[in-house]
Every structure is written in C-alpha cells, then in structure tokens.
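J.:
Protein chains: 2
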Amino acid sequence: MTSSENPKNPHHFNVFAAACPSRKLLNDVTRRWSILVLASLLDGSLRFGQIRERVDGISDRMLSATLGALAEDRLIAKDDAAGTYSLTEPGRQIARQSLELFDSLYLALDEIVDARQAGDDVAGSSAGVAGVAAPGGAAVSDGAVS
Amino acid sequence: MTSSENPKNPHHFNVFAAACPSRKLLNDVTRRWSILVLASLLDGSLRFGQIRERVDGISDRMLSATLGALAEDRLIAKDDAAGTYSLTEPGRQIARQSLELFDSLYLALDEIVDARQAGDDVAGSSAGVAGVAAPGGAAVSDGAVS
Chain A
1 MTSSENPKNP
11 HHFNVFAAAC
21 PSRKLLNDVT
31 RRWSILVLAS
41 LLDGSLRFGQ
51 IRERVDGISD
61 RMLSATLGAL
71 AEDRLIAKDD
81 AAGTYSLTEP
91 GRQIARQSLE
101 LFDSLYLALD
111 EIVDARQAGD
121 DVAGSSAGVA
131 GVAAPGGAAV
141 SDGAVS
Chain B
1 MTSSENPKNP
11 HHFNVFAAAC
21 PSRKLLNDVT
31 RRWSILVLAS
41 LLDGSLRFGQ
51 IRERVDGISD
61 RMLSATLGAL
71 AEDRLIAKDD
81 AAGTYSLTEP
91 GRQIARQSLE
101 LFDSLYLALD
111 EIVDARQAGD
121 DVAGSSAGVA
131 GVAAPGGAAV
141 SDGAVS
C-alpha cells in the first residue's frame, strides 16, 4: 500500500504488524482502563478525582499509572497550574473513535440479548456477556452511572 | 439518560459503570489480541492458520484462547464443517469500529511524529510511541505486513 492509495495513512502504519509503532499505541490505548480514561476527557479538562469518579471502579493507583502512560504517548497533557488533565488533538481523535466503539458494544449487546430472547441459544445459555446481560435490558438500570 | 434521548442505546448500557455488561464486553474486546482478531475477519471467513498469519506475533495458544472468548461473547462463530471462523453481525459492527479506531491511531502517530519533527518536544524525546515512531515515517516500512 502506498501513500496515494491511503491518504489517511501516509506513513504506512499497519497495526497488524507486530513491529509497527501503531501496535504499541493500540496496546497502550486498549490496556485496561486507558480507553475509558481517554473517553472521560472528551467533555473537557478534569481533575484526578473527577476522572476517578467518571471511570467507575478504577483505583487511585491504576488511574495514576494510566494517566502517566497516556501522557507519555502524548494523548493527554497535564496542566500543572490548574491540576487538570486534558486530551491532546491526537488523543481527542482516538477518544472520539472510542465512543463510537462503545456504541457498537451497546448495539452488539442489544442484538445478543434479542437473540437470546428469540431462543437462538447456540452458544450456551450462560456463556459470555449474554448471560450477564439477561434478562432483557434490565440488568444495568440500577448499576449504571449517569 | 432515557431511551428517547439515545435511540442507539435503548437498554441504558453505560460502559463507564463497572457493573454494566458493556464493561465486561469492552474488557473482552480490548483484551490483548481480541481487537486484532476481530478486525482480521472483516474481509471474510478465515481458518485458524490464516488468522495467525494476519495477526502478526500471536501464538497458537493466545489465538486459541482469543477465539474461544470471542465465540463465548457471540462476536464470532466457528463453522466446524469448513474449519473457519467468521464474524457474527454484532461482531462485524465492533470490527468495523475497530478499523476506525486503528485509523485514528495512525493519524495520532502522524501528528505525534510531526510535532516531534517541529521541535515540539515537551514530553521528552524518547517518551512513549513518539520515540518508537521516529524518524519520520520510515520506522515500519520493513516490518509491515501487507
């Protein structure tokens, strides 16, 4: 593939290649918590405690490590004076795509739940996320952070 | 948030909530290798060895475990007669969004490399992926799988 064939990817990055720097970036972005921390900053700068509040379940230690790794990858920046973290422009692009990925997860769960309810039970009734999501859509109404 | 506010998410899934089934699905999808295996199947059904070839660096053991987890989540299905794996419709949606995420990684790397070359070196010259990607776009031309 050449630059002219894919104007979005002029540097020939290929995440399927183990040695490509985009593979490391993918691993960093999809490391447990990273993608949620990135997405939490889409609405604007947040302080450490505000991010911890948005990303339910993250520990101080994990949040600190995650922020450090994302800053090293230049996807977020810290404003030391204000004590806040914000997305860089590259980080914002990735965070936006992460939200789209989340939407596809929600749609997938809807379809998986619907398939279960229709009796399409080929993969086993308690397997994977389908078991967690059942019955219907009621499973998360209490636990959800709004 | 109500269903009427977000028609894409009628079941009130919220990946930021630790107890939401979408959080488990996110963790499954972004587990090391899963997202690459999903994306590798976008062009059509593949045999085990073909997936291993596309996803550079994955071991037989990891590929086997990844395929099992994705099948449990009903994102892929195995055709036992043909010996091939293919995406389910929910899996296809997630795989498509994964490709978009990869594109945002490529763009981010371009911007990070450009910023380095422009002398914008606030985060340290060898930090994170920026150090790996430099110099210019030449870093992956040999290692890339086409």
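Line by line, the protein sequences give chains A and B. Each residue of the first sequence is one higher than the last, beginning at 1 in UniProt numbering. Each residue of the second sequence is one higher than the last, beginning at 1 in UniProt numbering. Idealized CB from N, CA, C, for every residue including glycine. Given the structure is predicted, the values throughout are model-derived calculations rather than measurements.
1) Note down the Cα distance separating B/D28 from B/L70, rounded to an integer number of angstroms.
2) Using beta carbons (cut-off 7 Å, strictly below), is B/G68 in contact with chain A?
3) Between which two residues does the beta strand (DSSP E) containing A/D103 stretch?
4) For B/R52, name the three-state secondary structure that DSSP assigns.
5) Give the DSSP-derived three-state secondary structure of B/A19 in the structure shown.
6) Considering only heavy atoms of the ligand ZN, does any lie closer than 6 Å to the CB of A/A39?
7) Within its chain, find whatever has a CB closer than 8 Å to the CB of B/L63; leave out the 5 residues flanking it on each side and keep chain order.
8) Is the Cβ-Cβ distance between B/L99 and A/L105 less than 7 Å?
9) Which residues bound the alpha helix (DSSP H) around B/D79?
10) I want to verify the contact list: residues of chain D whose CB lies under 7 Å from the CB of A/S104, in sequence order.
11) With DSSP as the reference, label B/L46 as helix, strand or coil.
12) So, using beta-carbon positions, are B/L41 and B/L75 closer together than 7 Å?
13) Would you grab the beta carbon distance between A/Q93 and B/L107 for me? Rounded to a whole angstrom, and I think it's under 8 Å.
14) Nearest to A/R116 by CA position, among B/Q97, B/L101 and B/D73, is which residue?
15) Would you check if the distance between the CB atom of B/E111 and the CB atom of A/P90 is smaller than 7 Å?
16) Please state if the CB of A/A95 and the CB of A/A39 are separated by a distance shorter than 7 Å.
17) Look at the Cβ atom of A/L67, then the Cβ atom of B/L101, and state whether they are nearer than 7 Å.
18) Just confirm the distance between the C-beta atoms of B/S45 and B/D80, as a whole number of angstroms; I'd bet it's less than 8 Å.
19) Note down, in chain order, each residue of its chain lying with its Cβ closer than 6 Å to the Cβ of A/F13, except the 5 sequence neighbours on either side.
20) How big is the Cα-Cα spacing for B/D43 and B/Q97?
21) Just the Cα atoms here: how many angstroms apart are A/V15 and A/A82?
22) Would you list, in chain order, the members of the region 14-27 of chain B that have their beta-carbon closer than 9 Å to a beta-carbon of chain A?
23) With 16 as the cutoff for other CB atoms within 10 Å, does B/A118 come out buried or exposed?
24) Quick one: residues in its chain with C-beta nearer than 6 Å to the C-beta of A/S125, no 5 flanking neighbours on either side, listed in chain order?
25) I'd like the list of long-range same chain contacts for A/Y85, defined as Cβ closer than 7 Å, with 5 residues on each side in sequence excluded.
26) I think A/T30 touches B/I58, with their Cβ atoms under 8 Å apart; what is that distance to the nearest whole Å?
27) Taking the alpha helix (DSSP H) that A/G57 falls in, what are its first and last residues?
28) So, for B/A17: in the same chain, excluding its five sequence neighbours on each side, which residues have a beta-carbon less than 8 Å away from its beta-carbon?
29) Please list the partners that A/T84 has in chain B, where partner means a Cβ-to-Cβ separation under 8 Å.
T.: From the atom records:
1) CA-to-CA, the gap between B/D28 and B/L70 works out to about 8 Å.
2) No, B/G68 does not count as interfacial toward chain A.
3) It is not in any beta strand (DSSP E) - A/D103 instead sits in the alpha helix (DSSP H) that spans E89 to Q117.
4) Helix, per DSSP.
5) If DSSP states are grouped into helix, strand and coil, B/A19 belongs with coil.
6) Ligands are entirely absent from the displayed structure, and the ligand ZN is therefore not among its contents.
7) So the qualifying residues of the chain are W33, V37, F48, I51, R52 and V55.
8) Not in contact: B/L99 and A/L105 (Cβ atoms no closer than 7 Å).
9) Looking at the DSSP string, B/D79 is not in any alpha helix (DSSP H); the run it does join, the beta strand (DSSP E), is I76 to D79.
10) Among the protein chains of the structure shown, namely A and B, there is no chain D.
11) Three-state DSSP puts B/L46 in a strand.
12) Result no, Cβ atoms of B/L41 and B/L75 do not sit closer than 7 Å.
13) Going by Cβ atoms, the distance from A/Q93 to B/L107 rounds to 6 Å, so yes, they are a contact pair.
14) Minimum Cα-Cα distance from A/R116 among the listed residues B/Q97, B/L101 and B/D73 corresponds to B/D73.
15) Cβ atoms of B/E111 and A/P90: closer than 7 Å.
16) Closer than 7 Å, so yes.
17) Judged by beta-carbon spacing, B/L101 lies beyond the 7 Å limit of A/L67, meaning their Cβ atoms are not closer than that value.
18) The Cβ separation is near 12 Å, so there is no contact.
19) Excluding five sequence positions before and after A/F13, the CB atoms of its chain that fall closer than 6 Å to its own CB belong to C20 and S22, given in chain order.
20) For B/D43 and B/Q97, the distance between alpha carbons rounds to 14 Å.
21) Distance between the alpha carbons of A/V15 and A/A82: 36 Å.
22) For the region 14-27 of chain B, which is checked against every Cβ of chain A, the residues closer than 9 Å are N14, V15, F16, A17, A18, A19, C20, P21, S22, R23, K24, L25, L26 and N27.
23) Result: exposed.
24) Below a pLDDT of 50, predicted positions are generally treated as unreliable, and A/S125, at 42, falls in that range; no measurement from the model is reported.
25) Correct list, in chain order: L41, S45, L46, I51, L67, I76 and K78.
26) A Cβ-Cβ distance of about 15 Å is found for the pair A/T30 and B/I58, leaving them out of contact under the 8 Å criterion.
27) For A/G57, no alpha helix (DSSP H) encloses it, and the DSSP letter there is neither H nor E.
28) Only R23 meet the Cβ criterion.
29) Residues of chain B whose Cβ lies closer than 8 Å to the Cβ of A/T84 do not exist; the shortest such Cβ separation is about 16 Å.
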